[in-house]
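Trainee:
Residue numbers (the numbering used here): 4 to 193.
Right under this line is the structure:
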């Protein structure tokens, strides 16, 4: 497992080792013992799987607030997405900053997103599938969202002239300036 840090403390890129032969490949996408050996402790309780038909589909920016904050381990099982995490932790020196990385079935990369971050992605290939582990169960009363095009965040989704495909919920999401993740900055966690 290759583990890369990002400019946002606690947000990590994980790339599992692949064992390839004439049949294809095998990789271990998650192993509690391996990650614990790198100081990563996450108790996952739910796996989610989404499929987006069209290129330019944006899902996000989403988070869950206390008491059901979620750490997520996100990977692309089919197609390709540009995956984005925004630091929304109260008091964090990087609050409001975002980081994005391409996740695809081909590159095998995963993004480990700590609680207190917003998460979203845009599809770069049709029929893209995102598979992710969550450290807490879905709790609709704790669900929160921020506009993907919030000018305070200025995320470059790489859409070019493509109009985004959005859900009604994401079209009416709030602004980052009024969002409170409920998760305090706990110091340097990198």
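Where is the CB? At the ideal position from N, CA and C, for every residue including glycine.
The structure displayed is predicted, hence computed values, not measured ones.
1. Assuming residue 49 contacts residue 118 under a Cβ cut-off of 8 Å, what Cβ separation, rounded to an integer in Å, is found between them?
2. Are the beta-carbon atoms belonging to residue 133 and residue 168 less than 8 Å from one another?
3. Let me make sure I understand the geometry here. Which of 154, 176, 15 and 144 has the alpha-carbon closest to that of residue 43?
4. Which residues bound the beta strand (DSSP E) around residue 14?
5. Could you spell out the range, first to last residue, of the alpha helix (DSSP H) harbouring residue 174?
6. According to DSSP, residue 110 sits in a beta bridge with which residue or residues?
7. I need the boundaries of the alpha helix (DSSP H) containing residue 8, first residue and last residue.
8. Rounded to whole angstroms, what's the CA-CA distance from residue 82 to residue 123? Just pull it up for me.
9. In chain order, what residues of the same chain lie with their CB nearer than 8 Å to the CB of residue 10, ignoring the 5 residues before and after it?
10. List the whole-angstrom C-beta distance separating residue 145 from residue 68, where the pair is believed to meet the contact cut-off of C-beta under 8 Å.
11. Alpha carbon to alpha carbon, how far is residue 7 from residue 61? Give it in angstroms, no decimals.
12. Taking Cβ to Cβ, would you say residue 136 is nearer than 8 Å to residue 75?
13. If you reduce the DSSP assignment to three classes, tell me which class residue 193 lands in.
14. Can you look up residue 140 in the DSSP assignment and give me helix, strand or coil?
15. Taking the Cβ atom as the reference point for each residue, do residue 79 and residue 108 lie within a distance shorter than 8 Å?
Mentor: Result, derived from the coordinates:
1. The beta carbons of residue 49 and residue 118 sit about 14 Å from each other, so the pair does not count as a contact at 8 Å.
2. Result no, Cβ atoms of residue 133 and residue 168 do not sit closer than 8 Å.
3. The shortest C-alpha separation from residue 43 is found at 15.
4. That residue, residue 14, is in no beta strand (DSSP E); it is neither H nor E in DSSP.
5. Element bounds for residue 174: 171-174.
6. Residue pairing by DSSP places residue 110 in no beta bridge whatsoever.
7. Note, residue 8: premise wrong, no alpha helix (DSSP H); beta strand (DSSP E) at 5-8.
8. Whole-angstrom Cα-Cα distance: 16 Å.
9. Same-chain partners within the cutoff: 97, 100 and 102.
10. With a Cβ gap of about 5 Å, residue 145 and residue 68 count as contacting.
11. A straight line joining the alpha-carbon of residue 61 with that of residue 7 spans about 25 Å.
12. Result yes, Cβ atoms of residue 136 and residue 75 sit closer than 8 Å.
13. Reliability of the predicted coordinates at residue 193 is poor, the pLDDT of 48 falling under 50, and the value obtained from them is presented with this limitation in mind. The answer is coil: DSSP assigns residue 193 none of H, G, I, E or B.
14. Here DSSP, grouped into helix, strand and coil, assigns residue 140 to coil.
15. Yes, they are a contact pair.
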